[in-house]
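**Q** Chain order of the listed sequences is A and B.
Per the numbering used here, the first sequence starts with residue 1, numbered consecutively.
Per the numbering used here, the second sequence starts with residue 1001, numbered consecutively.
Number of protein chains: 2
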Amino acid sequence: MTDSFTLAVDAMGGDDAPLMVVQGLEIAAERHPTARFLLIGDETELTALLGSHKRARAACTIRHAPDIIGNDMKTAAAVRSRKASMRLAVDAVASGEASGLVSAGNTGALLALAKIVIKSLPGIDRPAMCAISPSARGDMVMLDLGANVQCDVRNLVEFAVMGDVFARTVLGLTAPTIGLLNVGSEDVKGDDTLRDAAEVLRASHIAPQFHGFVEGHDIAAGTVDVVVTDGFTGNVALKTGEGALKLIGDFLKQIFGGGIAGKIAYLLVRPGMDRLREWLDPRRYNGAVMVGLNGVVVKSHGGTDAQGFAHAVDVAMDMVTHRFNDRIREDLARIALDKHETGSKAVTDAGDSPRGISDGPHLATA
Amino acid sequence: MTDSFTLAVDAMGGDDAPLMVVQGLEIAAERHPTARFLLIGDETELTALLGSHKRARAACTIRHAPDIIGNDMKTAAAVRSRKASMRLAVDAVASGEASGLVSAGNTGALLALAKIVIKSLPGIDRPAMCAISPSARGDMVMLDLGANVQCDVRNLVEFAVMGDVFARTVLGLTAPTIGLLNVGSEDVKGDDTLRDAAEVLRASHIAPQFHGFVEGHDIAAGTVDVVVTDGFTGNVALKTGEGALKLIGDFLKQIFGGGIAGKIAYLLVRPGMDRLREWLDPRRYNGAVMVGLNGVVVKSHGGTDAQGFAHAVDVAMDMVTHRFNDRIREDLARIALDKHETGSKAVTDAGDSPRGISDGPHLATA
Chain A
1 MTDSFTLAVD AMGGDDAPLM VVQGLEIAAE RHPTARFLLI GDETELTALL
51 GSHKRARAAC TIRHAPDIIG NDMKTAAAVR SRKASMRLAV DAVASGEASG
101 LVSAGNTGAL LALAKIVIKS LPGIDRPAMC AISPSARGDM VMLDLGANVQ
151 CDVRNLVEFA VMGDVFARTV LGLTAPTIGL LNVGSEDVKG DDTLRDAAEV
201 LRASHIAPQF HGFVEGHDIA AGTVDVVVTD GFTGNVALKT GEGALKLIGD
251 FLKQIFGGGI AGKIAYLLVR PGMDRLREWL DPRRYNGAVM VGLNGVVVKS
301 HGGTDAQGFA HAVDVAMDMV THRFNDRIRE DLARIALDKH ETGSKAVTDA
351 GDSPRGISDG PHLATA
Chain B
1001 MTDSFTLAVD AMGGDDAPLM VVQGLEIAAE RHPTARFLLI GDETELTALL
1051 GSHKRARAAC TIRHAPDIIG NDMKTAAAVR SRKASMRLAV DAVASGEASG
1101 LVSAGNTGAL LALAKIVIKS LPGIDRPAMC AISPSARGDM VMLDLGANVQ
1151 CDVRNLVEFA VMGDVFARTV LGLTAPTIGL LNVGSEDVKG DDTLRDAAEV
1201 LRASHIAPQF HGFVEGHDIA AGTVDVVVTD GFTGNVALKT GEGALKLIGD
1251 FLKQIFGGGI AGKIAYLLVR PGMDRLREWL DPRRYNGAVM VGLNGVVVKS
1301 HGGTDAQGFA HAVDVAMDMV THRFNDRIRE DLARIALDKH ETGSKAVTDA
1351 GDSPRGISDG PHLATA
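Okay, here's the thing in structure tokens:
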């Protein structure tokens, strides 16, 4: 497989941009030697930075953008800012000049711009935000994480289709299991939207992979590979889980940081603790993907470092090289078909292009 | 303060009932020496068990109930089961014979029976489920945890009022801070229901305590003492947080259980690890309370042991002795008043009856 694609990169988004972005591209350029990056931002600053980052310099073309969409900028204002680095990155994807983009900037602005300029994939009602999280049984995928506060049956079904393709494309799973997040696993729980969505999925090509309803504790348990939910619930669940992990992390720091006994204990269990830390490393899960758009759009966390940004680039490259959007189009066509069929077909095209395992450490537990 | 109240106890609910329940009452009877328990279940079995539990025997009156509402029983069937132990406990509260009840049985059945038989407090549209959770800044309260899948502005405002009284009554806080769970802390986030609820709270007597919107990570961080949300989101958030904590707990067990180095390390940091374990001990947080009913209804976890059941009794006793429902009635009256006032008054009646700190270890970090 070759990485001969161009990714647009918003050089000015993120707390430590543009230095962090250029450092991230220095790492990414080594991992994806044939990739090209359209680096968009302040030309003078970027030229200076590329001077000291040889690999990134060889892989990048600079495009000047005089403006920046700040983190506090309201979405309406951001959408009007036509010379901002994020906007020019979105434009590059919309025009087909780039296959995808990565930005660590303002999430709301990126989502709005992507929806308006890049537009939804034909057949998709609402794009969604999707990300990888750790679980007891390996990495899992959850969506929507905040793009759509309210969702109808069609939205949830489309999220399931897109989550399935994401898990196959980026996690390399052959037949990912899929669950609908609910307040109980019995079929009687939840509201009509959830019940109807479950019914549609049971009648679709995804049926063999559809596990039914899952609950909050199933996310960390890894009961399914793909958790489907509305953007409000998904956003709360994601942040609640992260908050709980941070709580324990802080407690453990206190325990092991407290005096000589703690420090000796840490040395004794260091391999295990290092594994735990690496496993939970937020940089490993950096890159919330906006799925359902006419192009690949990856949002890096604003507070990430170069390693995290490079992972976000990995995710974008995975999606581009594994024809993420083509597969969604194919699968959506099958859902429409299935509505008129009585049976359901197993996924048969999943095995032919699993994601390569070698090009990103974020796959270690997949 | 005297505990001269009668609590109805469903002796047959819970995985290890009725033994676990009687053992729990043996502990509770010591903590609340003047309390009376109406112990409802199989008379023969209970008489035999009380024979070997002296303190419980002295505090209990047995009432025979020939039937049991099983965990798998559908709510509709449970509601028709008029001779079940849970039903007779609910009847005892409805008739005024008992001030409250504790059951470790079927949650859906208990909620339905309580709403139908005990009924809502005057002025409360929808009762809610409420529970205490650990956070980085001490124990906090969240509601609704699943009683109401969909909520309107009035429901959320009532939850805030009830959560405030709960935090004052059971956690002993003077002026608990309150947050509305949302997908962003900016005022523009979320849907109309949340925005409108925030507006009503800002114009109410609770305004000085109202923190505005909080996000998922604020739950574990303890940003506020009371997190208010709809029952769907609250249920998912609670279980997601628990799942994340369990994930780390299992990982730590592996690290410290793995060989001699792990065991030595554990001995070195044991005081800290014991503190962590005690702090996260689910028994300490046992007792989801159904607030907004014409009586105190506490649901113990079905899988709890005697210690956990005794904590659930503690919570019920706290609510009864501190006139939980009277306070809600008073505060609801103030909300109605406040709608016609421009200013807002601080809570002034909070200091006079904080919860006693000595009668239950579940308050240790409050």
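We treat Cβ as the ideally placed atom computed from N, Cα and C, and that holds for glycine.
Could you confirm whether any beta carbon from chain A is found closer than 9 angstroms to the beta carbon of D1125 (chain B)?
**A** Looking up residue 1125 (chain B) in the second sequence gives position 125. Not an interface residue.
**Q** Quick one: measure Cβ to Cβ for R1080 (chain B) and L1113 (chain B), integer angstroms, because I've assumed they're closer than 8 angstroms.
**A** Within the second sequence, numbered from 1, the residue matching residue 1080 (chain B) stands at position 80. Within the second sequence, numbered from 1, the residue matching residue 1113 (chain B) stands at position 113. Actually they do not touch by this definition, with Cβ atoms about 10 angstroms apart.
**Q** What are the start and end residues of the alpha helix (DSSP H) that includes K1054 (chain B)?
**A** Reading the second sequence from its first residue, position 54 is the one you call residue 1054 (chain B). Note, K1054 (chain B): alpha helix (DSSP H), 1054 to 1059.
**Q** Does the Cβ-Cβ distance between L1180 (chain B) and G1212 (chain B) come in under 9 angstroms?
**A** Numbered from its first residue, the second sequence carries residue 1180 (chain B) at position 180. Numbered from its first residue, the second sequence carries residue 1212 (chain B) at position 212. Yes, the pair counts as a contact, with Cβ atoms nearer than the cut-off.
**Q** Mind checking who D1382 (chain B) pairs with in its DSSP beta bridge?
**A** With chain B represented from 1001 up to 1366, any question about residue 1382 (chain B) goes unanswered, as that position is not in the structure.
**Q** Please classify H311 (chain A): does DSSP put it in a helix, a strand, or coil?
**A** Within the first sequence, numbered from 1, the residue matching residue 311 (chain A) stands at position 311. H311 (chain A): helix per DSSP, three-state reduction.
**Q** From what residue to what residue does the beta strand (DSSP E) around A128 (chain A) run?
**A** On the first sequence, residue 128 (chain A) is found 128 positions in, with the first residue counted as 1. Element bounds for A128 (chain A): 128 to 133.
**Q** Please classify K54 (chain A): is it buried, with 16 or more other beta-carbons within 10 angstroms of its beta-carbon, or exposed?
**A** Counting from 1 along the first sequence, the entry for residue 54 (chain A) is found at position 54. Answer is exposed; the Cβ neighbour count stays below 16.
**Q** In this structure, how does DSSP classify M1140 (chain B) when only helix, strand and coil are distinguished?
**A** As a first step, residue 1140 (chain B) is located in the second sequence; it is residue number 140 there, counting from the start. Reduced to three states, the DSSP call for M1140 (chain B) is strand.
**Q** If I measure Cβ to Cβ from T44 (chain A) and keep anything under 8 angstroms in the same chain, skipping five residues before and after, which residues do I get?
**A** Mapped onto the first sequence, residue 44 (chain A) falls at position 44. Contacts found: none.
**Q** Residues of chain A with CB under 9 angstroms from Q1150 (chain B), in chain order?
**A** Position 150 of the second sequence holds residue 1150 (chain B). Correct list: D191.
**Q** Could you name the residues of chain A that T1233 (chain B) contacts, counting a contact when the two beta carbons are closer than 8 angstroms?
**A** Residue numbering aside, residue 1233 (chain B) sits at position 233 when the second sequence is read from its first letter. Those are F232, T233, V236, listed as they occur along chain A.
**Q** Give every residue of the same chain whose Cβ lies closer than 6 angstroms to the Cβ of H301 (chain A), excluding the five residues on either side of it in the sequence, and list them in chain order.
**A** Position 301 of the first sequence, counted from the start, is the residue given in the question as residue 301 (chain A). Excluding sequence neighbours, H301 (chain A) sits near N286.
**Q** Cβ closer than 8 angstroms: which chain A residues qualify as neighbours of H1217 (chain B)?
**A** Indexing the second sequence from 1 puts residue 1217 (chain B) at position 217. Close partners of H1217 (chain B) in chain A (Cβ separation under 8 angstroms): K239, T240, E242, G243, K246.
**Q** Measuring only between beta-carbons, confirm whether M273 (chain A) sits less than 9 angstroms from chain B.
**A** Numbered from its first residue, the first sequence carries residue 273 (chain A) at position 273. At least one chain B Cβ lies under 9 angstroms of M273 (chain A).
**Q** Can you check the segment 180 to 219 of chain A for any alpha helix (DSSP H) of at least 4 residues that lies completely inside it and give the ranges in chain order?
**A** 192 to 202
**Q** Among B:L1145, B:R1137, B:P1122, B:G1123, which residue has its Cα nearest to the Cα of L1111 (chain B)?
**A** Counting from one through the second sequence, the residue named residue 1111 (chain B) turns up at place 111. The shortest C-alpha separation from L1111 (chain B) is found at B:L1145.
**Q** Spatial neighbours of T177 (chain A) within its chain, please: C-beta separation below 6 angstroms, excluding the five flanking residues on both sides.
**A** Here residue 177 (chain A) refers to the residue found at position 177 of the first sequence. Correct list, in chain order: Q209, H211, V224, D225.
**Q** Going by DSSP, what residues sit across from I178 (chain A) in a beta bridge?
**A** Taking the first sequence and counting its residues from 1, one reaches residue 178 (chain A) at position 178. In DSSP, I178 (chain A) forms a bridge with A:F210, A:V226.
**Q** Does DSSP put G1100 (chain B) in a helix, a strand or coil?
**A** Numbered from its first residue, the second sequence carries residue 1100 (chain B) at position 100. Of the three classes helix, strand and coil, the one that applies to G1100 (chain B) here is strand, per DSSP.
**Q** Does Y266 (chain A) come within less than 9 angstroms of chain B when only Cβ atoms are used?
**A** Here the question's residue 266 (chain A) lines up with position 266 in the first sequence. Closer than 9 angstroms: yes.
**Q** Here's a check: name, in chain order, each residue in its chain whose Cβ is nearer than 8 angstroms to the Cβ of A1147 (chain B), leaving out the five neighbours to either side.
**A** By 1-based counting over the second sequence, the position of residue 1147 (chain B) is 147. Excluding sequence neighbours, A1147 (chain B) sits near L1111, R1126, P1127, A1128, M1129, G1231, M1290.
**Q** Apart from the five residues on each side of it in sequence, which residues of its chain come closer than 6 angstroms, Cβ to Cβ, to I124 (chain A)?
**A** Reading the first sequence from its first residue, position 124 is the one you call residue 124 (chain A). E158, G292.
**Q** Check the Cβ-Cβ distances between H362 (chain A) and every residue of chain B, and say whether any is below 9 angstroms.
**A** Within the first sequence, the letter at position 362 stands for residue 362 (chain A). Its pLDDT being 29, under 50, H362 (chain A) is placed unreliably in this model, and the value from its coordinates should be taken loosely. It does not; no Cβ of chain B falls within 9 angstroms.
**Q** Under the assumption that I1068 (chain B) contacts S1052 (chain B) (Cβ atoms under 8 angstroms), give the Cβ distance between them as a whole number of angstroms.
**A** Indexing the second sequence from 1 puts residue 1068 (chain B) at position 68. Indexing the second sequence from 1 puts residue 1052 (chain B) at position 52. So it is not a contact: roughly 22 angstroms between Cβ atoms.
**Q** State the start and end residues of the unbroken beta strand (DSSP E) segment that holds G1298 (chain B).
**A** As a working mapping, residue 1298 (chain B) is identified with position 298 in the second sequence. The sequence shown places Val at residue 1298 (chain B), rather than the Gly named in the question. 1296 to 1299 is the span of the beta strand (DSSP E), which, as asked, contains V1298 (chain B).
**Q** Note down, in chain order, every chain B residue with its Cβ under 8 angstroms from the Cβ of V183 (chain A).
**A** Numbered from its first residue, the first sequence carries residue 183 (chain A) at position 183. Within 8 angstroms Cβ-Cβ: G1146, V1149, G1231, F1232, N1235, V1236.
**Q** Output needed for E26 (chain A): all residues of its chain with C-beta closer than 6 angstroms, excluding positions within five of it in sequence on either side, in chain order.
**A** Within the first sequence, numbered from 1, the residue matching residue 26 (chain A) stands at position 26. Within the same chain, E26 (chain A) has close Cβ partners H53, R55, A56.
**Q** Chain B partners of V226 (chain A), CB-CB under 7 angstroms?
**A** Residue mapping note: residue 226 (chain A) aligns to position 226 of the first sequence, counting from 1. Residues of chain B passing the Cβ test: none, with the nearest at roughly 16 angstroms.
**Q** Give me the Cβ distance between G1262 (chain B) and V269 (chain A), rounded to the nearest whole Å; I'm assuming they're in contact under 8 angstroms.
**A** In the second sequence, the residue the question calls residue 1262 (chain B) occupies position 262. In the first sequence, the residue the question calls residue 269 (chain A) occupies position 269. About 6 angstroms; that satisfies the 8 angstroms criterion.
**Q** Cβ closer than 9 angstroms: which chain A residues qualify as neighbours of L1113 (chain B)?
**A** Here the question's residue 1113 (chain B) lines up with position 113 in the second sequence. By Cβ distance, chain A contributes nothing, its closest Cβ being about 17 angstroms from L1113 (chain B), past 9 angstroms.
**Q** Here's the rule I'm using: 16 or more other beta-carbon atoms within 10 Å means buried, otherwise exposed. How should G1272 (chain B) be labelled?
**A** Here residue 1272 (chain B) corresponds to residue number 272 of the second sequence, with the count starting at 1. It is buried - the Cβ of G1272 (chain B) has at least 16 other Cβ atoms within 10 Å.
**Q** Taking only beta carbons into account, state which residues of the segment 1198 to 1218 of chain B come closer than 8 angstroms to chain A, listed in chain order.
**A** Within the segment 1198 to 1218 of chain B, the residues whose Cβ lies closer than 8 angstroms to some Cβ of chain A are E1215, G1216, H1217, D1218, listed in chain order.
**Q** Taking CB distances under 9 angstroms as the criterion, tell me whether I1328 (chain B) reaches chain A.
**A** As a working mapping, residue 1328 (chain B) is identified with position 328 in the second sequence. No, because no Cβ of chain A sits closer than 9 angstroms to the Cβ of I1328 (chain B).
**Q** Checking 9 angstroms against the spacing of the C-beta atoms, do F1309 (chain B) and A1104 (chain B) come in under that value?
**A** For this step, residue 1309 (chain B) is matched to residue 309 along the second sequence. For this step, residue 1104 (chain B) is matched to residue 104 along the second sequence. It is a contact, given that the beta carbons lie within the stated cut-off.
**Q** In the DSSP assignment, the beta strand (DSSP E) including M1290 (chain B) goes from what residue to what residue?
**A** Working through the second sequence from its first residue, we reach residue 1290 (chain B) at position 290. Run containing M1290 (chain B): 1288 to 1291, per the beta strand (DSSP E) assignment.
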